[in-house]
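Here is the structure we will look at.
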Amino acid sequence: MASLTRRPSTRNMKHEEESPSPPGVAYETRGRGSAFGKVKVLATLGIFVLSGFLGYHAGNLSRIVSSEYFGGPTGAPNRLAYAVAHMKGPKSNVTGVIHFSQSSPAGPVFITGELRNLDPNAERGFHIHEFGDETDGCMSSGSHYNPFGATHGGPKDLKRHVGDLGNIRSDPHGVAKLDFSDNILSLLGPWSIIGRTVLVHTGTDDLGRGDNQDSLKTGNAGGRSACGIIGYAKKPQA
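So in the UniProt record's numbering, spot 150 of the sequence shown is number 150, and the numbers just go up one at a time.
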């Protein structure tokens, strides 16, 4: 009796060749509109698509993806991820504590906290930098966190670094209170900001609108006033 040989599906082979991204993740490198939104949304949708192909129950696969792919501790469905950074200035008196929280890989990151001893009534650049390295104070934290190779911009711009958070404003006493959210940052996944540095500059970020090349790299935000490494933290007390 002649044996039958099953030929591989060319459709599946083509799909694999054209999809270098992890399952459920699609991204390009042409700015926020294609890169960031797709990553967060499709990562979540991919859980349900994969459940059909692999035979997993969607709930079980969600837990597998959360622990194996997105990293961080797992727990109740509505758990939050928390992080904290203690700010200090090697060459300034700026101090403070910044808190970060996120409810899901597709959700925004909420940022709260307070900085003291800033210049009074001033706007100062506020960014996430690439490395969690303070061996040379804030200087060893690298450049703005920019995994997609975008130009510098404001926090609401379509093209921006992941770490571009614009400016914070101080009051007449040099105190800045932070309470805002960002849809691009994440505490989870392959582009997590955990282990990186949050940094406040000595100057005002021009949000990439200056008429020079440095504006598209750093926003002409000046020197580095204070910084802190972002680390996972337990849930704050109510």
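Backbone N, C-alpha and C fix where the C-beta goes; we use that ideal spot for every residue, glycine too.
Closest by C-alpha distance to residue i, when choosing among the options
| i | options | result |
| --- | --- | --- |
| ASN121 | ASP171, GLY195, SER215 and ASP211 | ASP171 |
| GLU114 | LYS234, GLY142, VAL84 and GLU134 | VAL84 |
| VAL198 | SER104, GLY153 and ASN167 | ASN167 |
| ARG224 | ALA176, SER143, SER215 and TYR232 | SER143 |
| ASN93 | ASP119, HIS99, GLY222 and PRO105 | ASP119 |
| ARG160 | PRO90, LYS217 and TYR232 | LYS217 |
| ASN117 | LYS88, GLY174 and ILE98 | GLY174 |
| residue 252 | PRO190, TYR82, LEU207 and LYS91 | Since the first residue of the chain shown is 1 and the last is 238, residue 252 is not available in this structure. |
| ARG124 | GLY153, ARG169, LEU207 and GLY149 | ARG169 |
| GLY189 | SER141, LEU178, ALA106 and VAL97 | ALA106 |
| PHE126 | GLY153, ASP133, PHE148 and ARG209 | GLY153 |
| MET87 | GLY210, LEU187 and ALA176 | ALA176 |
8 Å CB neighbourhood of residue i in its chain, flanking five on each side removed
| i | result |
| --- | --- |
| ASP182 | PRO108, VAL109, ILE111, PRO155 and LEU165 |
| LEU80 | SER101, GLN102, SER103 and LYS235 |
| GLY137 | PRO90, LYS91, ARG224 and CYS227 |
| ALA233 | TYR82, ALA83, VAL84 and HIS99 |
| HIS201 | ARG124, GLY125, PHE126, HIS127, ALA221, GLY222, GLY223, ARG224 and SER225 |
| ASP214 | ASN220 |
Residue i classed as buried or exposed, judged by whether at least 16 other C-beta atoms fall within 10 angstroms
| i | result |
| --- | --- |
| residue 262 | Since the first and last residues shown for the chain are 1 and 238, residue 262 lies out of range. |
| ASN220 | buried |
| THR135 | exposed |
| GLY163 | buried |
| GLY195 | exposed |
| ASP205 | buried |
| GLY96 | buried |
Heavy atom of the ligand SAM within 7 Å of residue i beta-carbon
| i | result |
| --- | --- |
| CYS227 | Judged by which ligands are present, the structure shown has none, so any question about the ligand SAM falls away. |
Chain C within 8 Å of residue i, Cβ atoms only
| i | result |
| --- | --- |
| LEU187 | Annotation note: the requested chain C is absent from the structure, which comprises a single protein chain. |
Three-state secondary structure (DSSP) of residue i
| i | result |
| --- | --- |
| GLN102 | strand |
| ASP164 | strand |
| SER143 | coil |
| ASP133 | coil |
| ASP206 | coil |
| ASP214 | helix |
| ARG224 | strand |
| LEU80 | coil |
| PHE148 | coil |
| SER181 | strand |
| VAL25 | The predicted position of VAL25 is uncertain, since its pLDDT is 32 and thus under 50; a value taken from the coordinates is nonetheless stated next. In this structure, VAL25 counts as coil in the three-state DSSP scheme. |
| ARG124 | strand |
| GLY154 | coil |
| GLY89 | coil |
| VAL200 | strand |
| VAL94 | coil |
Same chain, Cβ closer than 6 Å to residue i, five either side skipped, listed in chain order
| i | result |
| --- | --- |
| ILE193 | ILE128, LEU185 and ILE230 |
| GLY203 | ALA221 and GLY222 |
| ASP179 | THR112 |
| residue 293 | The shown model of the chain, from 1 to 238, leaves out residue 293, and the question about it has no answer. |
| GLY210 | ASN220 |
Close beta carbons around residue i, own chain, < 7 Å, minus the five adjacent residues each side
| i | result |
| --- | --- |
| GLN237 | none |
| THR151 | LYS159, GLY208 and LEU216 |
| ASP133 | SER140 and SER141 |
| TYR145 | ILE128, HIS129, GLU130, HIS161, VAL162, GLY163, ILE193 and ARG196 |
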